[in-house]
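Residue numbers (numbering that gives the first Met the number 0), protein chains in the order written: chain R, 0 to 65; chain W, 0 to 52; chain S, 0 to 926.
For glycine and all other residues, C-beta sits at the position ideal for the given N, C-alpha and C.
Fair warning: this is a prediction, and the values are worked out from it, not measured in the lab.
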Amino acid sequence: MADNDIKIVSFLCNWCSYGAADLAGVSRLEYPADIRVIRIPCSGRMSPKFILSALREGADAVWVSG
Amino acid sequence: MGNLLEHMGIEKDRVHFSWISSAEATKFVDVVKEISKKVRALGPNKKLVKDYN
Amino acid sequence: MNVDLCVGCGACAEKCPGKFDDTYNAGLIKRTAIYVEYPQAVPLKYGINPDVCLKLTKDKCGNCQDVCPANAIDYTQTEETITINAGSIIFSPGFTAFNPSKFDNYNYAGFPNVVTSMEFERILSATGPTMGHVTTFPGLPLKPKKKKDKLLAEKRKDPKKIAWFQCVGSRDINKCDNPYCSSVCCMYAVKEAIIAKEHAGGDLDCSIFYMDMRTPGKDFEKYYQNAKEKHGINFIRSKVHSVTQNPDTNDLDIRYVDEMGQIIDDTYDMIVLSVGLEISEETKDLAQKLGIDLTPGGFCKTGSFEPVTSSRDGIFVSGVFNNPKDIPESVLDASAAASAAGDALSRARDTLTLELEKAKEINVAGERPRIGAFICDCGSNIKGVVDCEAVTQYARTLPYVEFADEAMYACSQDAQNKMVEYIKEKKLNRIVVAACTPKTHEPLFQETLSNAGLNKYLFEMTNIRNHNSWVHKNNPDIATQKAKDLVRMAVAKAALAEPLKEEKIDVNDSVVVIGGGLAGMASAKSLATQGYKTHIIEKKEKLGGEAHKLYKTAQGEDVQTHLDELIKEIEQNENITVHCNTSLESVDGFVGNFKSTLKTNGKELDLEYGVAVLATGAKAFVPDEYEYGKDDRIITSLDLDKMFKENDAGLDAINSAVFIQCVGSRQPDRPYCSRVCCTHSIDNAIELKERKPDMDVFIIYRDIRTYGEKELLYKKARELGVIFFRYDVDQKPEVSIKNDKLLIELIDHVLNQPIQIEADLLTLATAIVPRKDEKLANFFKVPLNDEGFFVEKHAKLGPAEFATDGVFLAGSGHYPKPVNEAITQGRASASRALTLLAKKDNLFTSGVVASADPLKCSECGVCVSICPYSAPGFMTDGRFEGKARVNAVLCKGCGLCVASCRSGALHLRGFDTSQIFSQIFALGEVV
Chain R
0 MADNDIKIVS FLCNWCSYGA ADLAGVSRLE YPADIRVIRI PCSGRMSPKF ILSALREGAD
60 AVWVSG
Chain W
0 MGNLLEHMGI EKDRVHFSWI SSAEATKFVD VVKEISKKVR ALGPNKKLVK DYN
Chain S
0 MNVDLCVGCG ACAEKCPGKF DDTYNAGLIK RTAIYVEYPQ AVPLKYGINP DVCLKLTKDK
60 CGNCQDVCPA NAIDYTQTEE TITINAGSII FSPGFTAFNP SKFDNYNYAG FPNVVTSMEF
120 ERILSATGPT MGHVTTFPGL PLKPKKKKDK LLAEKRKDPK KIAWFQCVGS RDINKCDNPY
180 CSSVCCMYAV KEAIIAKEHA GGDLDCSIFY MDMRTPGKDF EKYYQNAKEK HGINFIRSKV
240 HSVTQNPDTN DLDIRYVDEM GQIIDDTYDM IVLSVGLEIS EETKDLAQKL GIDLTPGGFC
300 KTGSFEPVTS SRDGIFVSGV FNNPKDIPES VLDASAAASA AGDALSRARD TLTLELEKAK
360 EINVAGERPR IGAFICDCGS NIKGVVDCEA VTQYARTLPY VEFADEAMYA CSQDAQNKMV
420 EYIKEKKLNR IVVAACTPKT HEPLFQETLS NAGLNKYLFE MTNIRNHNSW VHKNNPDIAT
480 QKAKDLVRMA VAKAALAEPL KEEKIDVNDS VVVIGGGLAG MASAKSLATQ GYKTHIIEKK
540 EKLGGEAHKL YKTAQGEDVQ THLDELIKEI EQNENITVHC NTSLESVDGF VGNFKSTLKT
600 NGKELDLEYG VAVLATGAKA FVPDEYEYGK DDRIITSLDL DKMFKENDAG LDAINSAVFI
660 QCVGSRQPDR PYCSRVCCTH SIDNAIELKE RKPDMDVFII YRDIRTYGEK ELLYKKAREL
720 GVIFFRYDVD QKPEVSIKND KLLIELIDHV LNQPIQIEAD LLTLATAIVP RKDEKLANFF
780 KVPLNDEGFF VEKHAKLGPA EFATDGVFLA GSGHYPKPVN EAITQGRASA SRALTLLAKK
840 DNLFTSGVVA SADPLKCSEC GVCVSICPYS APGFMTDGRF EGKARVNAVL CKGCGLCVAS
900 CRSGALHLRG FDTSQIFSQI FALGEVV
């Protein structure tokens, strides 16, 4: 696996960080393409199981953002 | 959570938590950049990964 | 612009040569002639400023038409006159910020580091011209091109000292004609100072120069005290006379006189002028055309008992135009105006409603998933970066994908029509759309699914524009790969999507209003006028509450006459049932379906209702200081009102009257401002002076908080000769009775000497204390704050409702308020309740709700205690007694309970654990 192929599974709250990510797009801000967003209804939906599972599935990192 | 993962041999920089409001696009980008930098410094995750073979 | 065609891509603005002041950024930067008002605008549609567009002014250019991928540019559009036949008008024209250019002493126009508070708001904003970075010379471009600008930009620095000057364009008749208080500037200055310190780090020195610190809003006083104590912001009681500029550094030198009379010189890097609110000449002209009366300050004239009704029948007002106010009061005004406008139209309601035809839903249960994937190019917005064709090809290879298609604009009408055809033709039973953000477009596609007969939850959307093509435009290969990953994840999730049912909520359309004071009566009156059976539950033997104790309103209206009229109207209204001497014994149920037992003089009555309004009010604090209770000459504000009402003969014998403010308010055990007492005392002082002009009247205060046009009363009191002395909370005045003389001693701040006043009457302006009704709060599962006031749904945006659905809030139980504000909130609560009641037959839960599997539930109760909306509960009977069950009506679909469930009994439909895992696994497949 090449170094530039990092995958960060990102659990983003629909109301907060997901909106920020939308706005980053509208503002045409550039950032690394490493994140793969999973939209969750609220950061309260998050469970440690998802983090462990993501790492087990080969994610290089997990990011949870409310 | 962080302690458990470290115990399991996962570097703590592989799991990040943050809070960003929907108006904070610049903060979002800053956080992505920072996480990306830290994870790249660690290189690919080899621990815990399911063995497909 | 044809807004129906515009897709908000922004290609036009990139090529537009026209420039004008960006008003959204307070003119700090320029914007192009084709623009969106601000980046978060919904819908995201561009518009052209015809005054600066080169095509429209000089018939040159035309770039935007050349580059627009959606053919949305139309230069031929002209102004249209549209006639609307309306029964009521709500007039909310807002304000303009005061322009301080005419103040030569602050030289806003000449000094680059003197800015207005509106400009500073944008400087602090992450979307502002400096991206939230506080810097001097904020009006200079980030990369200046002109030589003059370049020289100035070299001096640019991160400020170390910033000063705010309060009351610029407010409370001022010398330099401008605005005698009123703008109500909002103290609070926003405190907020700006705190945020500036947060952005700049701890060593930024922030000073606020003020006359009176006016923070009478809910939780505002605590915010102010925190600013002082925790954030280290300096508050200096002084009006700065003038500002000069150091010609080398552009630093600002100021000179002011402190409270002790000392002249102080200081230097600041930046000065923020806290500009007031004004009604523009344009608005005043329009108001004149509409034929509505204005106050001398240019605001709309409204009465305390109909606080959102203008002088012209059928025209209602809200916001700053109806007197300067903050966000929560503006929101309350808006809801109240809606209630008033609705009252007038209640007979015509539902006469113009059209019914929407719905396609019959196809049953897909048990079918193998047949996924249709639609990849949107968004013109060149996505296709310009991502290889959409490759992504579409790739989608076809994914499991369960029956069909995949690329669309130039998936959201366009013809693409939607095609989607319906494909669903029918290919018998698709799950749809994935890879396009922009579900936050704006999910409802549109879901409607398309419904039109095709598919359950709208058989849909998954993934964002390959905002989260991909727009942010990785220099890495097309990686972006294409990311788009494939995202599509694969969405397909995996969609395969597990189940049709979800939106449960119909039955709404009992009668209302219970708890508390028969002004707010409760105002609420009940509006609800009853609009046709809803309303019950008022009053603890006491009659309606009216605390208002019975008041003499006059701040606008001089006699309270008792108006109150009697209102009570009569309530009693005669056939939709209202009044239950006096009544207590609430129990509350069961939830929105639309409440059940209560009432107890009236020992007799019980069961009542079913759909919504409840809590208007339980507050009461006057009984003072425990200043020798209260030891001498008949020491009374409270309400006692003085009683004397006025009864025209007490004792009033004539008074030669010296003293008022002490903040009795029980703004101190550690009660850290809030009671909002009404300054105006009340000043009003009563004026009444005394008018009855007997040679009477000596003193008001001993901490800050005079006559917000809005109440400031004119303060001015009038001073003109009548009322004398004001200020005290500090740690040096309270001392009251003593010596040889039958009533003496008040205090330290005078100007002389720094103790002074003694002999009084015939001492009025204590007592705090307003909440009833702290914990039983009621528990009944309706609504929160109380530390002081015992009810906590509303949202401090700014939901001030007349609770987070608990179907329960609304009005009056001083929310926070102390004068007559007009209590009635406004009463109306506002009615308006909020009406939005729910009006949906009676169309109220559905969301499909995205939690559900519990009783076979797996271990009855641990974590979900019951963790849910902020009280949705999960234990079943009380039947086979699964004791197991958890989630009430879909109360569930907001956050998933907190699902994550907390140890036995895996809880599921969140639409975001189920298996669906989230499927996305994780889908991502894992290629790694």
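With a cut-off of 8 Å on the beta carbons, I'd call residue i and residue j a contact; round off their distance for me.
i                : j                : result
PHE658 (chain S) : PHE697 (chain S) : 7 Å
ARG19 (chain R)  : PHE27 (chain W)  : The identity of residue 19 (chain R) in the sequence shown is Ala, whereas the question assumes Arg. Between PHE27 (chain W) and ALA19 (chain R) the Cβ distance is about 4 Å, and since that is below 8 Å, they are a contact.
ALA546 (chain S) : VAL818 (chain S) : 7 Å
ASP268 (chain S) : ASN112 (chain S) : 7 Å
GLY8 (chain W)   : LYS46 (chain W)  : 5 Å
Classify residue i as helix, strand or coil using the three-state DSSP reduction.
i                : result
PRO475 (chain S) : helix
LEU907 (chain S) : strand
ARG704 (chain S) : coil
ILE88 (chain S)  : strand
PRO306 (chain S) : coil
GLY341 (chain S) : helix
LEU669 (chain S) : One detail in the question is off: residue 669 (chain S) reads as Arg in this sequence, not Leu. Three-state result, ARG669 (chain S): strand.
MET694 (chain S) : coil
LEU355 (chain S) : coil
MET210 (chain S) : coil
ARG901 (chain S) : coil
HIS547 (chain S) : helix
ARG408 (chain S) : For clarity, residue 408 (chain S) is Tyr in the given sequence; the question names Arg instead. TYR408 (chain S): coil per DSSP, three-state reduction.
ARG831 (chain S) : helix
ASP2 (chain R)   : Unreliable placement is indicated for ASP2 (chain R), whose pLDDT of 44 sits below 50; the coordinate value is still reported in the next sentence. Coil, per DSSP.
ALA108 (chain S) : coil
HIS132 (chain S) : coil
For residue i, does the count of other Cβ atoms within 10 angstroms reach 16, so buried, or fall short, so exposed?
i                : result
LYS18 (chain S)  : exposed
LEU351 (chain S) : exposed
SER9 (chain R)   : buried
ASN52 (chain W)  : With a pLDDT of only 43 at ASN52 (chain W), under the threshold of 50, the placement of this residue in the model should not be trusted; the figure read from the coordinates follows. The residue is exposed, with fewer than 16 neighbouring Cβ atoms inside 10 Å.
LEU583 (chain S) : buried
VAL61 (chain R)  : buried
HIS578 (chain S) : buried
GLU281 (chain S) : exposed
ILE754 (chain S) : exposed
Relative to the C-alpha of residue i, which residue among the options is closest?
i                : options                                : result
GLY42 (chain W)  : R:SER26, R:ASP59, R:ILE39              : R:ASP59
PHE219 (chain S) : S:VAL316, S:LEU251, S:VAL256, S:ILE326 : S:ILE326
GLY318 (chain S) : S:ASP312, S:LEU331, S:ALA887, S:ASN467 : S:LEU331
LYS539 (chain S) : S:LEU922, S:GLY514, S:LYS602, S:MET186 : S:GLY514
MET259 (chain S) : S:ARG236, S:ASN106, S:PHE789           : S:ARG236
ASP508 (chain S) : S:VAL486, S:GLY591, S:GLY516           : S:GLY591
LEU597 (chain S) : S:PHE589, S:GLU607, S:GLU366           : S:GLU607
LYS54 (chain S)  : S:TYR627, S:GLN76, S:PRO42, S:TYR37    : S:GLN76
VAL863 (chain S) : S:ASP702, S:ASP252, S:CYS890, S:PRO49  : S:CYS890
ILE314 (chain S) : S:PRO128, S:THR301, S:MET520, S:PRO42  : S:THR301
VAL36 (chain R)  : S:ALA32, S:LEU289, S:VAL486            : S:VAL486
ALA652 (chain S) : S:ASP693, S:SER664, S:SER636, S:GLN666 : S:ASP693
GLY516 (chain S) : S:GLU502, S:ASN751, S:ASN572, S:GLY825 : S:GLY825
VAL114 (chain S) : S:SER273, S:ILE633, S:GLY601           : S:SER273
ASP257 (chain S) : S:ALA199, S:PHE234, S:ASN462, S:ALA336 : S:PHE234
GLY555 (chain S) : S:SER310, S:PHE304, S:ALA518, S:TYR421 : S:PHE304
Under 9 Å Cβ-Cβ, which residues of chain A neighbour residue i?
i                : result
MET130 (chain S) : Although the question refers to chain A, the structure presented lacks it and instead comprises the protein chains R, W and S.
For the region 209-219 of chain S and the region 739-754 of chain S, state whether three or more C-beta atom pairs, one from each stretch, are separated by less than 8 Å. Short answer: they don't touch.
How about the region 708-717 of chain S and the region 795-802 of chain S: do they share at least three Cβ pairs that are nearer than 8 Å? Flag = no, the region 708-717 of chain S and the region 795-802 of chain S do not touch.
Below 8 Å, can you find three or more Cβ-Cβ pairs linking the region 658-671 of chain S to the region 763-770 of chain S? By the C-beta criterion, the region 658-671 of chain S is judged to be in contact with the region 763-770 of chain S, since at least 3 inter-stretch pairs fall below 8 Å.
contact_flag[the region 34-50 of chain R, the region 890-899 of chain S] where n(CB pairs < 8 Å) is 3 or more: These segments touch.
Pair every Cβ in the region 374-387 of chain S with every Cβ in the region 468-477 of chain S, then say whether three or more of these pairs are closer than 8 Å. With a cut-off of 8 Å, the region 468-477 of chain S and the region 374-387 of chain S count as touching, because enough Cβ pairs lie within range.
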